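The letter at position 38 of the sequence shown is residue 168 when you use the numbering used here, and the numbering goes up by one with no holes. Virtual Cβ for every residue (Gly too), placed ideally from N, Cα, C. The model shown is predicted, which means the values in this text are computed figures rather than measured ones.
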Amino acid sequence: MGGAVDCRSGGGKGIEERRALPANELNHRVKNTLVVVQSLTRR
Numbered sequence: 131m132g133g134a135v136d137c138r139s140g141g142g143k144g145i146e147e148r149r150a151l152p153a154n155e156l157n158h159r160v161k162n163t164l165v166v167v168q169s170l171t172r173r
């Protein structure tokens, strides 16, 4: 069923994209947290 994957093929995401992913996720979470805080302070 499964087979080996050659990670050296050059295809797929580059190192820059893999490094940016955690930063983008953190940015998204911070924005979501700020939206929650803003909604709580408007009550």
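Inter-residue spacing [alpha-carbon to alpha-carbon] between residue i and residue j
i, j, result
"I145", "V160", "24 Å"
"K143", "T171", "41 Å"
"T163", "R148", "24 Å"
"R173", "V166", "11 Å"
"Q168", "E155", "20 Å"
"H158", "P152", "10 Å"
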